[in-house]
Every structure is written in structure tokens, then in C-alpha cells.
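Numbering (UniProt numbering), first residue to last: 1 to 390.
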């Protein structure tokens, strides 16, 4: 970020009519009008007569200093005015070395680079091995940066933040990334998921800001109960290739392409519960077989897995030529990741899969038949959704 010059902060125009006044008093008048702090060197002397109308602060200062053979420089937000030869000593390049005790030299350099003003020729070198900064610039620039360096290199404190809710391993990198906005070096952030603790090393200001951010992070995630029914439907003849979806009343119906066999996803429901009613009717007629009816409770945004089947042993030959046995799940499985939105709807990533042993053998190994779907569903609470075609 390029920082503005001190002159850019002054919006008032200067109107002065002075006759045979001390230069010191004229400059003090500019200071009062502009609100800019000005320090005068002992070399500033003499009298001046001037009439300024609607001049900018910088133009007014330039006129006075040129008339009296003076010059000025900015040091940490303050203007220093003196004879030109005195000011030159402020502008000569000097080099200073700063040994950092707490902050990383490379991280400090990144921060200091953001404080360079437009046109600045200051040069900053970071030595990571010795953890030092080598800064070359004018006395004015060096003094500005020294204040920032002292702030960056504050003594680091360690604070442990106890989190009320569990921290999952897959969340650790995301939390570190968010906290790194405040604490730039991620190695100063440690997360203990077992103890639900975040340990941060930083300045008092950094730790206070981290505490504020953690309050926003430490919110209890809502729980979502999902009930799944895996149903096998038997079709008898062509007349059953399409199932009429209906309810007891004449004005309730389901619109859209919804057929059994290869179920077409889609269709709009004018009344909740029609799917359940139809499935119960089919079950009464002996046309359905409920293979599994599990319930699973998971947190918002967390994957839940349903598995109904067997583990079969499969011989595996390792790269070393050794034979080992690996057990593989065969049967029905489904992973569901629900996300609750602010409007009360639930978006679910659903991945149902059916795996079965085939009769064919390849080099003595059984072929595993697999069918799966990956769908994204958006539904209301307590709403039934159909996925078919497996």
C-alpha cells in the first residue's frame, strides 16, 4: 500500500496577508491553519512580507522557504524546516542494521514494504539466517521505519484459546488460514484438535484481535438427522413400468416425469408426503422390499456415511511381490454431506453406491460390479427426496 504524503492530508486553502513579520511567526501561522506539526531549526531567521490568496499549504510553504533560502523534510509526520545545508544532512543516505528479537526478519520486511511512500528510495534487506534487517535510506525515512520496526518487534506473548465446540482435523488448515490474516506467520499458530485448543503466539494487539475472531468461529454447528430408505421395487409386466403417483384426494398430484424402473429425477410435488404414501401403497401390494432403513445424525457440513453389506477378503500382491489380504466393503453404501442454508433449505451432496461380487473371475480374483450416482439435492426440512436408477 502506498502511503499518502503529509501534504495530501491538508484540505484548507491558505489566505495570509503579512507585512514585515518574523519568518518563524509566518510558518507558525501555516501550522495553525493546516494542523500540521512543524519544527523550526535555529537556522530559521529573518522577516518576510507576503500576501497569499487561496494557496495550497504546500505552495505556501514552498514560497516562504524559497524566499528565505530554507528547505524542509518530513520525519514521522512532522515537518522540519531549516537552512538548506542543514536539511541536506537529513536527506543523505544512511544504513542501519536492526536485530529482531521476536519478529521474523522476512515477515517484518513484508510489512515495512507496505509503508513505503510514493517515490521512496529506501532499501530494505532481510537476512533470515541472522534475523536482521538492513535498512538504507534518508534520515527522514529511517526514523519513520524505526517506529514501525519497534512495533513489529514487540515481545510476543502466548495465549491458549479454549474452544467450546470440537475442532475437526479437516478444519485445522482453514482455521489457520483465517487467523493468518492477523498473525502472518502460521508457525505461530498451533491447533490441538484433541483438546479443542488454539495456541497463538503474538503481540497483545494480535492476541486481542484473534480472541475477537475466535468468538465468531466458535459457534455450535446445527445437527441434521437424515433417514434413508433403500427400497427394491419389483415390476411385473409392462403395465407396471410406470407407477402412477397419487394421494387420496382428487386435487393432490405429482407433476413431472417420475417413473419406476429407471426413475427420472425431477418432477414437482404439490403436497408433502405423497412419495411416502405411494411407497407404502406399493409395499402393501408386495412390490417393494426395504433393503435398509438407517438413520444418521451429522453436523452441518460434515459427511455422514451409511453402509449395509459385507467385508470380503481380496488377495493383493504388493510391489515387493508379497501377498497380503485386503478387506473391501461390498453391498450398499451412501455418503451424504448436508449444508443448512439461512433460508432453512438443506443442500445435500449424495453419493449412493451398490457393489456386488460378479460371477466372473480374472486371474482368480472376483469381479466387483459397481453402480453409483453423485447428485446434489436441495430440499426442505422433513421433505422426502427420491434417487433412482441404481
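We put the CB at the ideal spot given by N, CA and C, even for glycine.
Bear in mind the structure is a predicted one, so any value in this text is a computation, not a measurement.
*How long is the line joining the alpha carbons of residue 121 and residue 67, rounded to whole angstroms?*
Your numbering for residue 121 matches position 121 in the chain shown. Your numbering for residue 67 matches position 67 in the chain shown. Looking at the two C-alpha atoms, the distance is approximately 28 angstroms.
*Got a sec? Which residues, its chain only, sit under 8 angstroms from residue 314 by beta carbon, not counting five neighbours each side?*
Numbered from 1 along the chain shown, position 314 holds the residue referred to as residue 314. Result list for residue 314: 325, 326, 327, 328, 365, 366, in chain order.
_Of the listed residues 359, 371, 339, nearest to residue 352 (C-alpha basis)_ = Looking up residue 352 in the chain shown gives position 352. Taking only the C-alpha atoms, the option nearest residue 352 is 371.
*asked:* Which complete alpha helix (DSSP H) runs does the region 2–82 hold, if anything under 4 residues is left out?
replied: 23–34, 57–67
*asked:* To the nearest angstrom, how far is the alpha carbon of residue 112 from that of residue 321?
replied: Residue 112 sits at position 112 when you count from the first residue of the chain shown. Residue 321 sits at position 321 when you count from the first residue of the chain shown. Roughly 58 angstroms separates the two Cα atoms.
*For residue 154, which residues of its own chain have a beta-carbon under 6 angstroms away from its beta-carbon, when the five flanking residues on both sides are left out?*
Stepping through the chain shown from its first residue, residue 154 is reached at position 154. Excluding sequence neighbours, residue 154 sits near 203.
*Taking the alpha carbon of residue 8 as the point to measure from, which residue in 43, 115, 32, 58 has its own alpha carbon closest?*
As a working note, residue 8 is residue 8 in the chain shown. The shortest Cα separation from residue 8 among 43, 115, 32, 58 belongs to 58.
*Verify whether the separation of the beta carbon atoms of residue 78 and residue 39 is less than 9 angstroms.*
By one-based count along the chain shown, residue 78 stands at place 78. By one-based count along the chain shown, residue 39 stands at place 39. Yes, these two residues count as a Cβ contact at 9 angstroms.
*In angstroms with no decimal places, state the Cα-to-Cα distance between residue 150 and residue 137.*
Within the chain shown, numbered from 1, the residue matching residue 150 stands at position 150. Within the chain shown, numbered from 1, the residue matching residue 137 stands at position 137. For residue 150 and residue 137, the distance between alpha carbons rounds to 17 angstroms.
*Kindly indicate which residue of 145, 109, 53, 26 has the alpha-carbon position closest to the one of residue 81.*
Taking the first residue of the chain shown as 1, we reach residue 81 at position 81. Ranking 145, 109, 53, 26 by Cα distance to residue 81 puts 26 first.
*Between which two residues does the alpha helix (DSSP H) harbouring residue 210 extend?*
Indexing the chain shown from 1 puts residue 210 at position 210. Residue 210 -> alpha helix (DSSP H) spans 204–217.
*Starting from residue 433 and walking both ways along the beta strand (DSSP E), at which residues does that stretch end?*
In the structure as shown, the chain begins at 1 and stops at 390. Residue 433 is therefore absent and cannot be evaluated.
*How long is the line joining the alpha carbons of residue 311 and residue 356, rounded to whole angstroms?*
Counted from its first residue, the chain shown places residue 311 at position 311. Counted from its first residue, the chain shown places residue 356 at position 356. Each residue's Cα considered, the two are about 11 angstroms apart.
*Anyone know if the C-beta pair for residue 142 and residue 133 falls short of 9 angstroms?*
The count along the chain shown starts at 1 and reaches residue 142 at position 142. The count along the chain shown starts at 1 and reaches residue 133 at position 133. Contact flag unset, no.
_Taking the beta strand (DSSP E) that residue 296 belongs to, which residues open and close that run?_
The count along the chain shown starts at 1 and reaches residue 296 at position 296. First-last of the beta strand (DSSP E) with residue 296: 295–299.
*Which full runs of the beta strand (DSSP E) of 3+ residues lie inside the region 103–144, going along the chain?*
123–127, 132–137
*Leaving out five residues on either side along the sequence, give the residues of the same chain with a beta carbon under 6 angstroms from the beta carbon of residue 84.*
The residue you call residue 84 lines up with position 84 of the chain shown. So the list reads 71, once near-sequence residues are dropped.
*Taking Cβ to Cβ, would you say residue 348 is nearer than 9 angstroms to residue 295?*
Within the chain shown, the letter at position 348 stands for residue 348. Within the chain shown, the letter at position 295 stands for residue 295. No, these two residues do not count as a Cβ contact at 9 angstroms.
_Using only CA atoms, which one of 139, 106, 116 lies nearest to residue 128?_
Counting from 1 along the chain shown, the entry for residue 128 is found at position 128. Here the closest residue by C-alpha is 106.
*Ends of the alpha helix (DSSP H) at residue 172?*
As a working note, residue 172 is residue 172 in the chain shown. That run of the alpha helix (DSSP H) goes 172–179.
*For residue 337, which residues of its own chain have a beta-carbon under 6 angstroms away from its beta-carbon, when the five flanking residues on both sides are left out?*
The residue you call residue 337 lines up with position 337 of the chain shown. Here the set comprises 303, 349.
*Does DSSP put residue 192 in a helix, in a strand, or in coil?*
For the purposes of this step, residue 192 is taken as residue 192 along the chain shown, with counting starting at 1. In this structure, residue 192 counts as strand in the three-state DSSP scheme.
*Cα separation between residue 206 and residue 148?*
Here the question's residue 206 lines up with position 206 in the chain shown. Here the question's residue 148 lines up with position 148 in the chain shown. Using only the alpha carbons, I get a separation of about 15 angstroms.
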